[in-house]
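To start, the structure itself, in structure tokens.
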Amino acid sequence: MIKAIRGTRDILPPSSAVWNHVESVTRETFRVFNYHEIRTPIFEETTLFARGVGAETDIVSKEMYTWDDRDGTSITLRPENTASVIRAYIEHRLDQITGLKKLFYIGPMFRRERPQKGRYRQFFQIGAEAIGSDSPAIDAEVIELALEILERCGVTGSRLLINSVGDPESRQRYTDALREALEPVKDQLSPDNQRRAVTNPLRVLDSKDPGDEAIITTLPSIHEFLNEECRTHFARVRELLDARGVDYEVRPRLVRGLDYYTKTTFEILHGALGAQNAVCGGGRYDGLAESLGSRVPAPGIGFSIGEDRLVMTIEESLNAAALAPLDLFIAPLGADAGVHAALLASELRRAGVVVEVSTDAKLKRALETANKLNARYSLILGDNEIAAGVYALKNMATGEQKNVARGGIVSAMRGESDA
RNA sequence: GCGCCUGUAGCUCAGCCGGUAGUAGCGCCAGAUUGUGGUUCUGGAUGUCAUGGGUUCGAAUCCCAUCAGGCGCCCCA
Numbered sequence: 406m407i408k409a410i411r412g413t414r415d416i417l418p419p420s421s422a423v424w425n426h427v428e429s430v431t432r433e434t435f436r437v438f439n440y441h442e443i444r445t446p447i448f449e450e451t452t453l454f455a456r457g458v459g460a461e462t463d464i465v466s467k468e469m470y471t472w473d474d475r476d477g478t479s480i481t482l483r484p485e486n487t488a489s490v491i492r493a494y495i496e497h498r499l500d501q502i503t504g505l506k507k508l509f510y511i512g513p514m515f516r517r518e519r520p521q522k523g524r525y526r527q528f529f530q531i532g533a534e535a536i537g538s539d540s541p542a543i544d545a546e547v548i549e550l551a552l553e554i555l556e557r558c559g560v561t562g563s564r565l566l567i568n569s570v571g572d573p574e575s576r577q578r579y580t581d582a583l584r585e586a587l588e589p590v591k592d593q594l595s596p597d598n599q600r601r602a603v604t605n606p607l608r609v610l611d612s613k614d615p616g617d618e619a620i621i622t623t624l625p626s627i628h629e630f631l632n633e634e635c636r637t638h639f640a641r642v643r644e645l646l647d648a649r650g651v652d653y654e655v656r657p658r659l660v661r662g663l664d665y666y667t668k669t670t671f672e673i674l675h676g677a678l679g680a681q682n683a684v685c686g687g688g689r690y691d692g693l694a695e696s697l698g699s700r701v702p703a704p705g706i707g708f709s710i711g712e713d714r715l716v717m718t719i720e721e722s723l724n725a726a727a728l729a730p731l732d733l734f735i736a737p738l739g740a741d742a743g744v745h746a747a748l749l750a751s752e753l754r755r756a757g758v759v760v761e762v763s764t765d766a767k768l769k770r771a772l773e774t775a776n777k778l779n780a781r782y783s784l785i786l787g788d789n790e791i792a793a794g795v796y797a798l799k800n801m802a803t804g805e806q807k808n809v810a811r812g813g814i815v816s817a818m819r820g821e822s823d824a
């Protein structure tokens, strides 16, 4: 048997209705925040990600699906989408368009990691990028947007974590200070953290190793190394979040795995997700455009929500079947009734009614099917009904049945459902 | 990529001190007289016991490998 490859999966009904629900709620939220959709290719030149995300990051160094195209170009399935969006921004000179570029995307990303709950090799991200402003007001609005999407989707119990990772200059000073602080105690750390202490001291900070906790708490905080600009920026972001009544925790040890982040970074966690507990991650990336070759600065900030994880947090509390209701099941009896039913179905569908026409010959079977499909109403359509010009409309929940004329079907269904 | 656990009907699982799969629950199909579902009753179907190899007279049961999933690490959405 041919099966979906490891780390990929089929999203089937009724679960697909939950995905559609999430996406339509999300699109509506983007609309009122004046975000517009961008669709970029799902594969790009490998160098885009190497330069954008950072060649030393885990994503680029060991998680990408990369191959050589026939002309020898190295191609990579996108592991994330911010680099592509910035590439498109530069390529199409979007800086020449008036105003802030507020873009969103929904689509699949690919990373070759060991699959587990909430972690897939093909996964879906809902992302937003606000490009062209370095104002902290945008940071606060972007965070609000992420929270708003989650809230509208029905996610409860999430936690917002924020931090500032500074600009490259202050981060460099901090990294140096960390190396210095780690040097004398390095031998007491776990092997993983010993390695990180040399290669990437920032990563030591969010290690979950309980044995290293005592040492980690003694390390200096990045906030001591932020320069004036980064400090006031962060203070303003917090002020604007406070004004909105947003709950958050400042986590000086929150570091993120992509090299391009500057200043504000944030994460939204959810308890239902297990080890992969981040439902959203994001941050500011003021230098990214220039590192991708833009001659004009394009400071920006964005986030991405893990759609798989978002769906996971709400799936149990949603009645998936109720998201895709069947209004009417027509049970025609006999060949003439079949023609009649088809025409009636067309008419009702044009009026927006969700209609299914039975292919069961026996009424009993048809009603059984209607019941299994969770139809709200069944319409019995046999010779008697055709002759009389009225149909038997049966409410499947109450069992109540009444005769309605052709023109009265929609109002009869509506009237009863309102009652 | 690493460690631990798991893998039996469509689903949830029983069987696991080796003797050749279960009247199991749910679901599915059919029936309980002609055009009335949901509850009930009766009958029925379905498994290369994840895959491949090994031990054995004999393996779903023991061993190995592979694949897949879960949990954790790593990392992140």
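So that you can map any letter, position 359 of the first sequence is 764 in the working numbering, and since no number is skipped, the others follow by simple counting.
Backbone N, C-alpha and C define an ideal beta-carbon position, used for all residues, glycine too.
This one's a predicted model, so the numbers in the text were calculated from it and none came from an experiment.
Taking the beta strand (DSSP E) that residue i falls in, what are its first and last residues?
i	result
Tyr494	Counting along the chain, Tyr494 falls outside any beta strand (DSSP E), though it belongs to the alpha helix (DSSP H) covering 487-496.
Arg516	No beta strand (DSSP E) contains Arg516, which DSSP labels as neither H nor E.
Gly705	705-711
Val760	760-762
Phe454	Counting along the chain, Phe454 falls outside any beta strand (DSSP E), though it belongs to the alpha helix (DSSP H) covering 451-458.
Take residue i as the anchor and find which of the options has the nearest alpha-carbon.
i	options	result
Val744	Leu552, Gly787, Ala493	Gly787
Phe528	His675, Asp415, Ile719, Leu798	Asp415
Gly794	Thr481, Ala775, His441, Ile814	Ile814
Thr434	Glu549, Pro625, Ala582	Glu549
Leu659	His675, Ser696, Gly686, Ala677	Gly686
His361	Leu508, Glu496, Thr452, His497	Summary: the structure shown does not reach residue 361, with the chain confined to residues 406 through 824, and so no result is reported for it.
Glu790	Ser575, Ala775, Lys807	Lys807
Thr617	Ala602, Leu731, Ser626	Correcting the residue type first, residue 617 is Asp in the shown sequence and not Thr. Closest by alpha carbon: Ala602.
Ala493	Lys591, Thr445, Asp476	Thr445
Pro596	Leu610, Asp614, Ala586, Glu585	Asp614
Val450	Ile480, Asn724, Lys506	Note that residue 450 corresponds to Glu in the displayed sequence, not to Val. Looking at the Cα atoms, Ile480 is the closest of the given residues.
Asp500	Ser563, Thr718, Gly820, Pro704	Pro704
Val590	Ser563, Thr623, Asp539, Asn568	Thr623
Asp572	Asp539, Leu587, Leu552, Gln599	Asp539
Ile531	Val427, Gly804, Arg661	Val427
Leu693	Pro419, Met514, Ser429, Ala535	Ala535
Per DSSP, which one or two residues make a beta bridge with residue i?
i	result
Trp424	According to DSSP, which records beta bridges pairwise, Trp424 is partnered with nothing at all.
Asp473	Ser479
Asn800	Tyr782
Ala683	Leu674
Ala750	None, per the DSSP bridge assignment.
Tyr690	None; Tyr690 has no bridge partner.
Glu585	DSSP, once it has assigned bridges, lists no residue as partnering Glu585.
Tyr510	Gly532
Ala810	Val795
Ile735	Val762, Leu784
Val655	Ile567
Gln521	Arg524
I think residue i touches residue j, with their Cβ atoms under 8 Å apart; what is that distance to the nearest whole Å?
i	j	result
Ala736	Ser763	5 Å
Leu607	Leu583	7 Å
Val490	Tyr510	7 Å
Asn568	Val655	7 Å
Ala551	Ile710	7 Å
Val684	Ser563	6 Å
Among residues of its own chain, excluding the 5 on either side of residue i, which ones have a beta-carbon nearer than 7 Å to its beta-carbon?
i	result
Arg578	Phe630
Ala817	Leu798, Val809
Asp823	Summary for Asp823: the model assigns pLDDT 46, below 50, so the residue's position carries little reliability, and this model does not support an answer.
Thr580	Pro606, Leu607
Ala756	Val815
Arg576	Val570
Lys522	Gly679, Gln681
Asp463	Gly662
Ser722	Gly559
Phe515	Tyr470, Leu482, Arg483, Pro484, Arg526, Gln527
Taking the continuous alpha helix (DSSP H) assigned at residue i, which residues delimit it?
i	result
Glu534	First-last for Glu534: 527-536, but that is the beta strand (DSSP E), not the alpha helix (DSSP H).
Ile410	From DSSP, Ile410 is part of no alpha helix (DSSP H); its letter is neither H nor E.
Asp544	541-558
Asp647	633-649
Ser466	463-467
Lys769	768-777
Arg600	596-604
Could you pull out every residue in the same chain whose Cβ sits closer than 8 Å to the Cβ of residue i, ignoring the five residues on either side in sequence?
i	result
Ser466	Ala460
Phe448	Ile480, Thr481, Leu482, Arg483
Thr452	Ser479
Given residue i, which residues of its chain have a CB within under 6 Å of its CB, disregarding the five upstream and five downstream residues?
i	result
Ala729	Ala422
Gly412	Pro520, Tyr525, Arg526
Ala545	Val642, Leu645, Leu646
Leu610	Arg658, Val660
Phe734	Glu761, Ala775, Ala780, Ser783
Ser612	Asn598
Pro419	Ala725, Ala726
Arg689	Thr667, Lys668, Thr669, Ile706
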